[in-house]
Amino acid sequence: MCGICGFTSKIDNQKKYLSNMMKPLESRGPDAEGFFSDDKINLGHKRLSIIDINPRSDQPMFDKETGIILIFNGEIYNYIELKKRIISQFNCKFFTNSDTEVILKYYKYFGTDCFKEFDGMFAIAIWDPNKENLILARDRFGEKPLYYSFFENNGKKQISFSSNLNSLKNSPKFNNSLNKRSLKSFLINNYVNSYETFYEKVNNIEPGSILIFKNNQIEIKKYFNISKYFSSKERYKKFDLEEFNQILIDSIKSRLISDVEVGVFLSGGLDSSLIASVAKNLGKDIKSYTLAFEEKSFDESIKANYVSNYLDISNEKFIIGKNDLNNIDEIVLSFGEPVADTSIIPTYFLSKFASKQVKVCLGGDGGDEMFYGYDTYSASKTYDIFKKFKINFILKNTQILKNFLPTKKTKVNFFYALKKFIKAFENTEKNFFVHEFWRKINDSSTLSKIVNKELYSEISKLDINYYDTNIVDTEIASHRNLCDFKFFLEKDILVKSDRCSMANSLELRSPFLSYELFKYMSDLDPQQKYKAFNKKKILKDTAKRYLPEKIINQKKRGFNAPISHWMNTVFNQKFNDLLNSQSIKQLFNTKEIEKILVENKKNNKDYGNELFNIFCLAIWINNNKLNI
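To convert, take the position in the sequence shown, counting from 1, and add 1; that gives the numbering used here.
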């Protein structure tokens, strides 16, 4: 795992620019660094050494015959198989044991068709001097980031790129203007729900895509289109437990390949427990790491301890205390732009804790998307039933009830969810998509209150990216599932996992995001995969051979944090100080936000998610000099 950056063309002080771009990548690759500069390309690489840790695998990596240069962030899990195939086909010689050289050779022989052969997480940059092409490619699901922007040099368009927005900010002639579409998207969704960023004209390459920059022009090709895997089929494959179990084993086994120790994030839930159990069965002497909270309703370390004892694996626990939260700025700013999922805090500290002992951990990202694990699927199904039988008529006329429902600031909050469910029937939008509504943090009415009048007048007219209801049937579970893959997983969950782990020099791998596993699941009848009130049935059936019943059938609890409680305590003074800063006052109606802070202190009120959204944005705005 590494960090990559670069830009095209020869410019004044190009080595200084490259050096400055490398500095924010230090945590992504503290073990080694490499540079390459000439009249046409500038490439920088920071390495976290995991596979073939010998310096011979440092980057940039060159092909001596063609002069092709490669820098790469990520892992290719099927590289051993691909290496055998290419040796057999072309009788080529390898000089390292790395997956990096496999990518280099595959591009040499197959060009841009090579990327469809890779099962892995990656952001790749290739300079092909023969064609004078810069090629940027990103993995299928978007596990690794790859940002780019343009600048002009001698009247010609040039391109800069990086694994990190904080790095890209140091590139030539960077545009530091605030993208107000992204600001609006963040306030509604908790993250930027598009391939734009908080900076104007700075984008993230779409997953499964290749960007080719040549002759001052870009061409974008797709080698993977996730939407086609959710199209209706004439015939579906019948689920076979033995076949599925073997694919799952192979996926976990491939993600255990490493020349350094590998650990597991263990919450005690179904996903992480199953990964740990299979890894143990494969003969790996793994370590597991668990995060605990002082707030008891959020603490799941007892479950994790039970699983680790059952599997006879070591388990280390870190308890987040109030003093740990003093560096919240460091966490928020490590993302390069605001992301306000409350689980960024536990993910960051768990990564920091684990990184003291290991360089690689396995996590459960993708499990809820792959196996329909979210409660939102059941909520959407219930909403459909209410509408079909016109039960929503009753709810529409009992909206006042939600004001009297109690709300407790606990992890599993039934009444909070019930209020959200009732509120869904208030909506009168023409293209209302209820599955998207569950994820929303603020609606237009709230925005009109918390954002100052001038800014609200501007952003209210801006079109932003929403779940694309034109390509899906909004009442079919598999199409809702597609939206979760394309939006919530890609732009929230995977962003959180990458930034939090890499900020602590830890590689986090996701066995559930194996391409083979995804293809197998896409060939199944949706009715086999999705059971409205028996979530993750396929995974549960598989887990019966690995885990005890009490772990398999436990209620899903997620990885969120006691943010409402923290807003009333450890974050309260800092939040009020931020609201008094001039940079925040030019964007927000701070008096209204102060009222929400006071309301949140009441026992029957919970505005934790809404406040954390503003809090993260305020920290980021206050620490960045932007052209607004």
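All C-beta atoms, glycine included, are put in the ideal place defined by N, C-alpha and C. In this text, all values refer to a predicted model and were calculated from it rather than measured experimentally.
Beta-carbon within less than 6 Å of residue i's beta-carbon, same chain only, minus the 5 sequence neighbours each way: which residues are those?
i: Lys170; result: none
i: Asn154; result: Ser10 and Ile12
i: Val359; result: Glu262 and Gly264
i: Glu207; result: Tyr196
i: Phe95; result: Glu102
i: Ser584; result: Ile622 and Asn623
i: Leu490; result: Glu370
Can you say whether residue i is buried or exposed, counting buried as having 16 or more other CB atoms within 10 angstroms of its CB?
i: Asp369; result: buried
i: Pro549; result: exposed
i: Arg29; result: buried
i: Ser163; result: buried
i: Tyr80; result: buried
i: Ile303; result: exposed
i: Asn180; result: buried
i: Ile52; result: buried
i: Thr348; result: buried
i: Phe390; result: exposed
Between the Cα of residue i and those of the options, spot the shortest distance and give me the residue it belongs to.
i: Leu83; options: Leu71, Ile69, Glu102 and Phe73; result: Glu102
i: Lys132; options: Lys462, Lys157 and Ile213; result: Ile213
i: Lys158; options: Lys41, Gln587, Lys239 and Ile52; result: Lys41
i: Asn190; options: Leu448, Lys545 and Lys109; result: Leu448
i: Ile54; options: Tyr521, Ile160, Arg236 and Ser259; result: Ser259
i: Asn554; options: Leu71, Ser274 and Asn216; result: Ser274
i: Asn482; options: Phe519, Ser511 and Asn505; result: Phe519
i: Thr543; options: Val279, Trp621 and Ala305; result: Val279
i: Ala124; options: Asp114, Cys115, Gly112 and Leu137; result: Leu137
i: Asp385; options: Asp444, Asn74, Asn92 and Ala533; result: Ala533
i: Tyr311; options: Asp330, Ser289, Phe294 and Ser458; result: Ser289
i: Asn306; options: Ile329, Leu580, Ala277 and Asn282; result: Ala277
i: Gln529; options: Phe486, Ser183, Phe240 and Gly209; result: Phe240
i: Ser445; options: Tyr457, Gln90 and Lys421; result: Tyr457
i: Lys454; options: Ser502, Gln587 and Met503; result: Gln587
i: Lys626; options: Phe175, Ile329 and Leu44; result: Phe175
i: Leu573; options: Pro347, Ile615 and Val340; result: According to the sequence displayed, residue 573 carries Asn and not Leu. For Asn573, the nearest C-alpha among the options comes from Ile615.
i: Gly337; options: Asp578, Met503 and Glu611; result: Met503
i: Arg57; options: Arg86, Arg182 and Asn98; result: Asn98
i: Pro527; options: Ile314, Ser479 and Leu267; result: Ser479
i: Ile287; options: Leu105, Lys382, Leu363 and Lys65; result: Leu363
i: Asp493; options: Asp342, Phe116 and Leu419; result: Asp342
i: Leu188; options: Asn324, Gly270 and Ile451; result: Ile451
i: Tyr521; options: Leu257, Ile539 and Ile69; result: Ile539
Alpha carbon to alpha carbon, what distance is there between residue j and residue i?
i: Glu595; j: Lys606; result: 15 Å
i: Phe513; j: Tyr230; result: 16 Å
i: Val308; j: Asn246; result: 20 Å
i: Tyr200; j: Lys602; result: 35 Å
i: Pro61; j: Asn165; result: 18 Å
i: Phe152; j: Phe36; result: 21 Å
i: Val496; j: Asn74; result: 15 Å
i: Tyr149; j: Thr198; result: 10 Å
i: Ile332; j: Gly209; result: 28 Å
i: Ser352; j: Thr291; result: 10 Å
i: Phe319; j: Leu579; result: 29 Å
i: Lys202; j: Asn92; result: 45 Å
i: Ala1; j: Ile442; result: The first residue shown for the chain is 2 and the last is 629, placing residue 1 beyond what the model contains.
Per DSSP, what kind of secondary structure is residue i in: helix, strand or coil?
i: Leu49; result: coil
i: Lys304; result: helix
i: Gly7; result: strand
i: Ile477; result: coil
i: Leu579; result: helix
i: Ala293; result: strand
i: Arg546; result: coil
i: Cys93; result: coil
i: Phe119; result: coil
i: Ile104; result: helix
i: Pro31; result: strand
Note down, in chain order, each residue of its chain lying with its Cβ closer than 8 Å to the Cβ of residue i, except the 5 sequence neighbours on either side.
i: Lys24; result: Ser168 and Asn171
i: Asp524; result: Lys234, Tyr237 and Lys238
i: Asp140; result: Gly75, Phe119, Gly121, Met122, Phe123, Ala124, Pro208 and Gly209
i: Glu600; result: Lys606 and Tyr608
What does a CB cutoff of less than 7 Å around residue i pick up in its chain, not counting 5 residues either side in sequence?
i: Glu296; result: Pro563 and His566
i: Ser38; result: Gln15, Lys16 and Leu19
i: Leu26; result: Gly4, Cys6, Lys47, Ser164, Asn165 and Ser168
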